[in-house]
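K.L.:
Here it is, the structure in full.
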Amino acid sequence: MSTKKVDARGLSCPQPVVLVDRAIADGHTDLEILVDNEVARENVSRLLKRRGLEAIISENVSEIMIRTAKT
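Here our numbering is used: the first residue of the sequence shown is 493, the next is one more, and so on.
Set out below in structure tokens:
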């Protein structure tokens with residue numbers, strides 16, 4: 493499967509977590525997730541860990557990108 497992009501910028505929790513959880517439930521494990529706040533970053537990272545995926549995080553001034561890797 494190709495990389496699934498999830499753009500959760502501008503959304504407050506739990507919406508980013510719900511979008512990522514849906515993508516995983518649909519069978520996507522190669523994800524590129526964009527968020528723009530620390531709370532979403534932490535909550536999405538926690539979800540990925542519970543689902544057996546590693547969160548690879550890179551940040552810049554306006555957004556945070558989280559890529560997944562199988563653990």
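For each residue, glycine too, the CB sits at the ideal point set by N, CA and C.
For A517, count the other beta carbons within 10 Å of its own beta carbon; 16 or more makes it buried, fewer makes it exposed. Which is it?
P.N.:
Per the 10 Å Cβ criterion, exposed.
K.L.:
Quick one: what does DSSP say L540 is sitting in, helix, strand or coil?
P.N.:
Of the three classes helix, strand and coil, the one that applies to L540 here is helix, per DSSP.
K.L.:
How long is the line joining the alpha carbons of L523 and E546, rounded to whole angstroms?
P.N.:
For L523 and E546, the distance between alpha carbons rounds to 11 Å.
K.L.:
Name the residue from E551, T495 and H520 whose alpha carbon lies nearest to the alpha carbon of N529.
P.N.:
Ranking E551, T495 and H520 by Cα distance to N529 puts E551 first.
K.L.:
Along the chain, where does the beta strand (DSSP E) that runs through D499 open and close?
P.N.:
K496 to D499 is the span of the beta strand (DSSP E), which, as asked, contains D499.
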